[in-house]
Structure formats: C-alpha cells, structure tokens
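**Student:** Below you'll find the structure I mean.
Residue numbers (our numbering): 2 to 328.
Right, here's the structure in full:
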C-alpha cells in the first residue's frame with residue numbers, strides 16, 4: 002500500500018509509485034467472480050464426479066490448458082493488465098475444489114464488495130516442473146523474494162482455507178506462508194480462517210511437512226528455523242488447526258484473537274444427502290431406488306419452481322438450496 006512506512010535505510014525513491022506492472026506477483030490476482038466461473042466450468046466438465054475432484058484435477062483439466070494456450074498464468078490470461086491482490090489464500094492442493102470455493106464464499110459472504118484473490122494455482126504459470134521452479138526461484142533466492150511472499154506482503158487480508166482431506170500444516174509452503182504472515186503483521190488482525198476443523202487434534206511437527214520438490218522443503222525449513230524453533234512453529238500450526246473447535250457454530254475469537262468462520266453446513270454432504278435434505282424440506286417422498294438422481298431432481302424442481310431448471314446438476318441443486326434457504 003502507499004501509506005506503509007518504509008524501512009529505515011531503504012532507498013524509497015523507487016517506492017514512490019506503486020508497482021502495478023505484471024512483473025509484480027502482487028498483480029497476479031483473480032476476481033471472486035472468476036473463481037466462481039471456474040467452479041461452474043468444473044461442474045460442467047466433471048458432472049457427477051465434480052465433488053471428488055481436487056485442485057490438482059482442476060489444474061490438469063482447466064488451468065494448464067489456458068496457461069499453455071496463452072503462455073502465461075490463468076490469472077494473467079483473464080486479467081492481461083494484472084489485478085492487484087486483496088486477499089492472499091493459503092490452502093492445500095489436495096482439497097476437494099468445490100469445498101474450497103464454498104469455504105471462500107463463506108468467508109466473504111457478508112462483504113458487499115468481494116475481494117480479489119491470490120491463489121497460487123491460478124497466479125503461477127502451470128506447466129512442467131521446470132516452469133514452476135523458474136517462478137519460485139532457484140536455491141539461491143531468499144524466501145522473501147518468492148512470488149508467494151512478495152504477493153502476501155501487499156495483501157490486505159490473509160485467508161487460511163482448511164479442508165477435510167489434507168492437513169494444511171502437512172504442506173511446507175503453507176507453513177512458510179503462515180510464518181511470513183506472522184512476520185508481516187497479518188496475524189491476528191488481518192487473518193480469516195475458514196473451512197472445517199477436521200485436523201484439530203493432529204499434532205504432527207513442521208519437520209514432517211512435505212513438498213512437491215524436496216529441495217523446496219530443505220530450503221524453507223533451513224530459512225524458517227534460523228528465525229524460529231520448530232516448537233514455536235508447531236505451536237502456531239496447532240492454533241490454526243484448532244480454530245473454531247469450541248463447539249458453537251457462531252464466529253468466535255480464539256485466544257489469538259483471529260476471527261474464525263464456521264464451516265458451511267453443506268461442505269460435508271454428498272449429492273445424495275443434499276437431495277434428501279431438499280426432498281424433506283419439500284415434503285416429497287421417493288420410493289427407495291425407484292428414480293434416478295436426475296429424475297428426482299426434475300420432480301423437486303417441478304414442485305419448487307413449477308418447471309425444470311437449466312444448468313448442470315450441481316448448479317441446479319444449489320438453486321433449490323438457495324430457494325429453500327438450505328445453506
């Protein structure tokens with residue numbers, strides 16, 4: 002931001018003007034609506050299998066083809082002049098993509114103006130491992146010069162998206178993001194935590210965290226452990242895992258003062274469970290095994306809207322849930 006004080010001893014002549022060039026990683030954000038559009042495309046692409054698909058699947062089917070076609074990242078393909086970061090999103094690539102997007106919707110549900118989002122899968126050029134390595138910098142590059150950390154530094158909000166499949170703290174880059182968020186003053190006042198607290202009881206150490214590239218892990222641990230003891234880092238990790246486990250569904254401040262958002266109810270429901278919930282609400286009874294999911298959906302739409310709705314199965318279920326306030 003323009004009003005941030007400049008560290009003593011730093012030549013501030015270059016800081017007078019904010020860097021809005023696309024060479025600045027902080028300009029590699031996407032709009033909230035662009036993320037929802039990817040979900041819509043993924044629902045159409047994967048159909049009934051959508052809810053099992055992770056960010057890795059979305060990357061292979063949707064993100065990489067756009068990167069290859071345009072020779073740049075997904076975010077810059079959609080926003081050629083670049084888009085300044087509002088919220089930096091820390092997450093795991095193994096999460097179900099649909100749940101990831103729902104958790105982000107939940108986090109910003111009450112914001113009239115939705116933030117721009119910096120999500121590494123969309124911000125970085127996705128291709129072969131060499132492309133990724135080039136962007137992350139060679140072994141000689143300090144962590145604070147990596148695109149992740151440079152983008153985070155210019156964000157307004159730090160968003161941690163938990164999921165039920167993979168402990169975030171099992172990913173070394175997430176741990177690095179946590180530590181720099183702490184260093185740059187995002188924790189607790191500018192931090193949001195969303196998604197389920199599935200891993201609240203887990204106490205694995207950061208020393209066991211993995212990385213796609215083992216060299217990344219070695220580099221990150223070496224740098225982090227020069228500033229913190231691993232026990233200190235593990236303590237932070239446990240705080241993030243345990244947010245919101247006091248039993249109530251209301252937002253609450255934890256001992257660290259970070260506000261947490263309750264996980265959306267539908268996050269753990271399968272398509273069948275969501276359809277059962279709608280049929281109960283509409284007071285429609287289906288004989289066991291008598292109709293396909295598709296036929297049931299049409300019957301419920303006829304009851305609710307008096308006509309069959311357009312779109313894929315997931316968007317039609319969501320339309321019914323919205324109409325019946327089942328969110």
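Where a beta carbon is used, it is the ideal one built from N, C-alpha and C, also for glycine.
Since residue 89 sits in a beta bridge, which residues does DSSP pair it with?
**Tutor:** Indexing the chain shown from 1 puts residue 89 at position 88. 119 and 159, per the DSSP bridge assignment.
**Student:** What are the boundary residues of the alpha helix (DSSP H) that includes residue 1?
**Tutor:** Limits of the chain in this structure are 2 at one end and 328 at the other, which puts residue 1 out of reach.
**Student:** Tell me which same chain residues have a C-beta within less than 6 Å of the C-beta of residue 26, skipping the five on either side of it?
**Tutor:** Counting from one through the chain shown, the residue named residue 26 turns up at place 25. Contacts found: 148, 151 and 152.
**Student:** Roughly how many angstroms separate the alpha carbons of residue 304 and residue 103, rounded to a whole number?
**Tutor:** As a first step, residue 304 must be located in the chain shown, where it is residue number 303. As a first step, residue 103 must be located in the chain shown, where it is residue number 102. Straight-line Cα distance between these residues: approximately 26 Å.
**Student:** Are residue 60 and residue 156 closer than 8 Å when you measure CB to CB?
**Tutor:** Start at 1 with the first residue of the chain shown, and residue 60 comes out as number 59. Start at 1 with the first residue of the chain shown, and residue 156 comes out as number 155. Cβ distance not < 8 Å, so residue 60 and residue 156 don't count as in contact.
**Student:** Do you know whose CA, among 178, 202 and 198, lies nearest residue 1's CA?
**Tutor:** This structure does not reach residue 1, given that the chain is present from 2 up to 328, and the question cannot be answered.
**Student:** Please go through the region 163-229 and give each complete alpha helix (DSSP H) segment of 4 or more residues, from N-terminal end onward.
**Tutor:** Here the runs fully enclosed are 173-184 and 215-228.
**Student:** Could you give the first and the last residue of the continuous alpha helix (DSSP H) run that contains residue 110?
**Tutor:** Residue numbering aside, residue 110 sits at position 109 when the chain shown is read from its first letter. Residue 110 -> no alpha helix (DSSP H), and no H or E assigned at all.
**Student:** Where residue 40 and residue 99 are concerned, what is the direct C-alpha to C-alpha distance, given to the nearest angstrom?
**Tutor:** By one-based count along the chain shown, residue 40 stands at place 39. By one-based count along the chain shown, residue 99 stands at place 98. Taking the straight line from one Cα to the other gives about 7 Å.
**Student:** Mapping DSSP to helix, strand and coil, what is residue 31?
**Tutor:** For the purposes of this step, residue 31 is taken as residue 30 along the chain shown, with counting starting at 1. Strand.
**Student:** Quick test of the definition: if touching needs 3 or more C-beta pairs under 8 Å, does the region 41-51 touch the region 79-95?
**Tutor:** The region 41-51, when compared against the region 79-95, does not touch it at the 8 Å Cβ threshold.
**Student:** Quick check: what's the CA-CA separation for residue 173 versus residue 313?
**Tutor:** For the purposes of this step, residue 173 is identified with residue 172 of the chain shown, where counting begins at 1. For the purposes of this step, residue 313 is identified with residue 312 of the chain shown, where counting begins at 1. Going by the C-alpha atoms only, they are around 37 Å apart.
**Student:** What did DSSP end up calling residue 84 once you bin it into helix, strand or coil?
**Tutor:** Position 83 of the chain shown holds residue 84. Residue 84 falls in the strand class under three-state DSSP.
**Student:** Looking at the secondary structure, which residues open and close the alpha helix (DSSP H) in which residue 322 lies?
**Tutor:** For the purposes of this step, residue 322 is taken as the residue at position 321 of the chain shown. Run containing residue 322: 314-324, per the alpha helix (DSSP H) assignment.
**Student:** Can you check whether the CB of residue 93 is closer than 8 Å to the CB of residue 207?
**Tutor:** In the chain shown, the residue the question calls residue 207 occupies position 206. In the chain shown, the residue the question calls residue 93 occupies position 92. It is not a contact, given that the beta carbons lie outside the stated cut-off.
**Student:** Which same chain residues end up closer than 8 Å to residue 49 when comparing Cβ atoms and leaving out the 5 residues on each side of it in sequence?
**Tutor:** The residue given as residue 49 occupies position 48 in the chain shown. Excluding positions up to five away in sequence, the list reads 272, 294 and 314.
**Student:** Could you check which residue in 23, 52, 32 and 188 has the C-alpha nearest to that of residue 274?
**Tutor:** As a working note, residue 274 is residue 273 in the chain shown. Of the candidates 23, 52, 32 and 188, the one whose C-alpha sits nearest the C-alpha of residue 274 is 52.
**Student:** Looking at residue 238 and residue 117, is the spacing between their C-beta atoms short of 8 Å?
**Tutor:** Sequence index remark: in the chain shown, residue 117 carries index 116 (1-based). Sequence index remark: in the chain shown, residue 238 carries index 237 (1-based). Contact: no.
**Student:** Expressed to the nearest angstrom, what Euclidean distance is found between the alpha-carbon atoms of residue 299 and residue 307?
**Tutor:** Counted from its first residue, the chain shown places residue 299 at position 298. Counted from its first residue, the chain shown places residue 307 at position 306. So the alpha carbons of these two residues sit roughly 10 Å apart.
**Student:** Which value, in whole angstroms, describes the spacing of the CA atoms of residue 66 and residue 326?
**Tutor:** Locating residue 66 in the chain shown gives position 65, counting from the first residue. Locating residue 326 in the chain shown gives position 325, counting from the first residue. Residue 66 and residue 326: Cα-Cα distance of roughly 37 Å.
**Student:** Checking the sheet assignment: what are the DSSP bridge partners for residue 55?
**Tutor:** Along the chain shown, read from residue 1 onward, the residue named residue 55 stands at position 54. 97, per the DSSP bridge assignment.
**Student:** Does the Cβ-Cβ distance between residue 338 and residue 194 come in under 8 Å?
**Tutor:** Since the displayed the chain opens at 2 and closes at 328, residue 338 lies outside it and no answer follows.
**Student:** What do you reckon, are the CB atoms on residue 223 and residue 171 nearer than 8 Å?
**Tutor:** Locating residue 223 in the chain shown gives position 222, where the first residue counts as 1. Locating residue 171 in the chain shown gives position 170, where the first residue counts as 1. Result no, Cβ atoms of residue 223 and residue 171 do not sit closer than 8 Å.
**Student:** Are the beta-carbon atoms of residue 1 and residue 36 separated by less than 8 Å?
**Tutor:** Since the first and last residues shown for the chain are 2 and 328, residue 1 lies out of range.
**Student:** Can you give the beta carbon distance from residue 285 to residue 322, rounded, assuming they're within the 8 Å contact cut?
**Tutor:** Numbered from 1 along the chain shown, position 284 holds the residue referred to as residue 285. Numbered from 1 along the chain shown, position 321 holds the residue referred to as residue 322. In fact, because the Cβ distance is near 15 Å, the residues do not count as touching under 8 Å.
**Student:** When DSSP labels each residue in this structure, what does residue 270 get in the three-state scheme?
**Tutor:** If you number the chain shown from 1, residue 270 lands on position 269. Residue state, collapsed to three classes: coil.
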